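Engineer:
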Amino acid sequence: MSDPDLGWSMGKTLIGDHDVLHPLPQPTESLTHALAWNACQVLSLDSTFQLREERSRNSESKLHEEIPMLREELLKTQKESDENSKSCETLRVELEEKSKIYDVLRQELQQVDEKYSVELTTGEKFLNSALGKTLLTSTGEKAVEGYRASSAFRHETKLVSEEIVRMIEPSVPEPGDENNEELIVTLDEILGDIDDDEMIEALRQNPI
């Protein structure tokens, strides 16, 4: 029982080939001591393995708990991404529709601009022609005649006449004055020479 080789070989049989084990005591020690030493080493290894296994189980359990959370977060992110993609697609479609509407409006505006440019050019050419000038003159004369026939013209003429009377009233001689007849003739000549339009325009620009 005290054979050192036996104790050494039994120790290696018990503990296996793990490199973490310390070598057995010197061959001079008893087999009991060697077996006890090997048992302590085995218990230490078992404790280490159990600790590692427990840590592994804890890590696995924690990972199992995190996987659903990560999956949920991934689904949420994917959903948000899908919604953003749909929003972008909707905006793109709206932008294309508005762009088409803008193109249509731009074409219509261009057509209207071209149309009125042609009409304006045609109108200017007509007004510069002999017929256009004649038409303008005739239209202007008709407008003047219509104004003279209106009540507004008669009212303004009456106001101007009253103003003239007030202006010359201090200079009118008393009845029986020898200059009375001569003054009246002079006033008639003055009033006869004054054009109605010129008189009204003069009074407008230089009110009494």
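Numbering (full-length UniProt numbering), first residue to last: 1 to 208.
Glycine included, each C-beta is placed from N, C-alpha and C at the ideal position.
Here the structure is a predicted model, which means the values were calculated and not measured.
#1: Between Glu97 and Leu109, what straight-line distance do the alpha-carbon atoms span, to the nearest angstrom?
#2: State buried or exposed for Asn58, treating a residue as buried only when at least 16 other CB atoms are found within 10 Å of its CB.
#3: May I ask you to report which of helix, strand or coil DSSP gives Ser150?
#4: For a test of the three-state rule: what should DSSP assign to Ser47, helix, strand or coil?
#5: Output the distance between the C-alpha atoms of Leu95 and Leu75, rounded to the nearest integer angstrom.
#6: According to DSSP, simplified to helix, strand and coil, what is Ser129?
#7: Mind reading off the beta-carbon distance from Leu127 to Leu136? Whole number of angstroms is fine, and I expect it under 8 Å.
#8: What's the call for Asn38, buried or exposed, on a 16-neighbour Cβ count within 10 Å?
#9: Distance check for Lys62 and Ser81, CA to CA, integer angstroms please.
#10: Classify Ser30 as helix, strand or coil using the three-state DSSP reduction.
#11: Is any non-hydrogen atom of the ligand GTP found closer than 8 Å to the C-beta of Gln41, if you look at the structure I gave you?
#12: Use the C-beta contact count for Ala34: other C-beta atoms within 10 angstroms, 16 or more gives buried, fewer gives exposed.
Structural biologist: Well, looking at it:
#1: In the sequence shown, the residue the question calls residue 97 occupies position 97. In the sequence shown, the residue the question calls residue 109 occupies position 109. Glu97 and Leu109: Cα-Cα distance of roughly 18 Å.
#2: Numbered from its first residue, the sequence shown carries residue 58 at position 58. With fewer than 16 other Cβ atoms within 10 Å, it is exposed.
#3: Taking the sequence shown and counting its residues from 1, the one referred to as residue 150 is at position 150. Looking at Ser150 - three-state DSSP - the assignment turns out to be coil, as it is neither helix nor strand.
#4: In the sequence shown, counting from the first residue as 1, residue 47 sits at position 47. Here Ser47 sits in helix by DSSP.
#5: Counted from its first residue, the sequence shown places residue 95 at position 95. Counted from its first residue, the sequence shown places residue 75 at position 75. Note on geometry: alpha-carbon atoms of Leu95 and Leu75 lie some 30 Å from one another.
#6: Numbered from its first residue, the sequence shown carries residue 129 at position 129. Three-state DSSP puts Ser129 in coil, outside helix and strand.
#7: The sequence position of residue 127 within the sequence shown is 127, counting from 1. The sequence position of residue 136 within the sequence shown is 136, counting from 1. 7 Å between Cβ atoms; contact.
#8: For the purposes of this step, residue 38 is taken as the residue at position 38 of the sequence shown. Flag for Asn38 reads buried.
#9: Counting from one through the sequence shown, the residue named residue 81 turns up at place 81. Counting from one through the sequence shown, the residue named residue 62 turns up at place 62. Take the alpha-carbon of Ser81 and the one of Lys62: they are about 28 Å apart.
#10: By one-based count along the sequence shown, residue 30 stands at place 30. Of the three classes helix, strand and coil, the one that applies to Ser30 here is coil, per DSSP.
#11: Questions concerning the ligand GTP fall outside what the structure shown contains, since it holds no ligand whatsoever.
#12: Stepping through the sequence shown from its first residue, residue 34 is reached at position 34. Flag for Ala34 reads buried.
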